[in-house]
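Enquirer:
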Amino acid sequence: MEHALRDELLALFKGKLTRPTALYLETCARCGVCTEACHAYASMPLPKYAPAHREEVVRRIYKQYFKWHGRIWPAAGECKTLDETALDELKEAACSCTG
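Here the working numbering is used: position 67 in the sequence shown is 60, and no number is missing along the way.
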């Protein structure tokens, strides 16, 4: 992925990153309680359609680029580099979610 495109996508991410969203990314325990309320998961009950699974891609990108430990030591913080694979996973997550 080109650096200019990655920088543009990260700027877009940062523009959409509100305090409540950041708080959610920090506090979600990935317990799966939200799965029962998810219409996408109810219609296709596969683990990859569970809300916590779809959100995990976003959380790992957030940790990589917006948390200090992700910039210093990404391997220790469950981080994900924004690359073509991550974009494919984000597309899959977005297209399988109605909310």
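Every residue, glycine too, gets a C-beta built ideally from N, C-alpha and C. None of the values given here were measured: they were computed from a predicted structure.
Can you list, in chain order, the residues of its chain with a C-beta nearer than 8 angstroms to that of Thr91? Leave out the 5 residues immediately preceding and following it.
Expert: Cβ within range, chain order: His32 and Ala33.
Enquirer: Using only CA atoms, which one of Glu19, Ala15, Tyr42 and Ser36 lies nearest to Gly25?
Expert: For the residues Glu19, Ala15, Tyr42 and Ser36, the minimum Cα distance to Gly25 belongs to Tyr42.
Enquirer: By the three-class DSSP mapping on this structure, what secondary structure does Cys88 have?
Expert: Residue state, collapsed to three classes: helix.
Enquirer: On the CB-based measure, 16 or more other CB atoms within 10 Å of its CB, does Pro44 come out buried or exposed?
Expert: When all chains shown are included, Pro44 counts as buried.
Enquirer: Which two residues bound the contiguous alpha helix (DSSP H) that contains Gly138?
Expert: An answer regarding residue 138 cannot be provided, because it is not within the stretch -6 to 92 covered by the chain.
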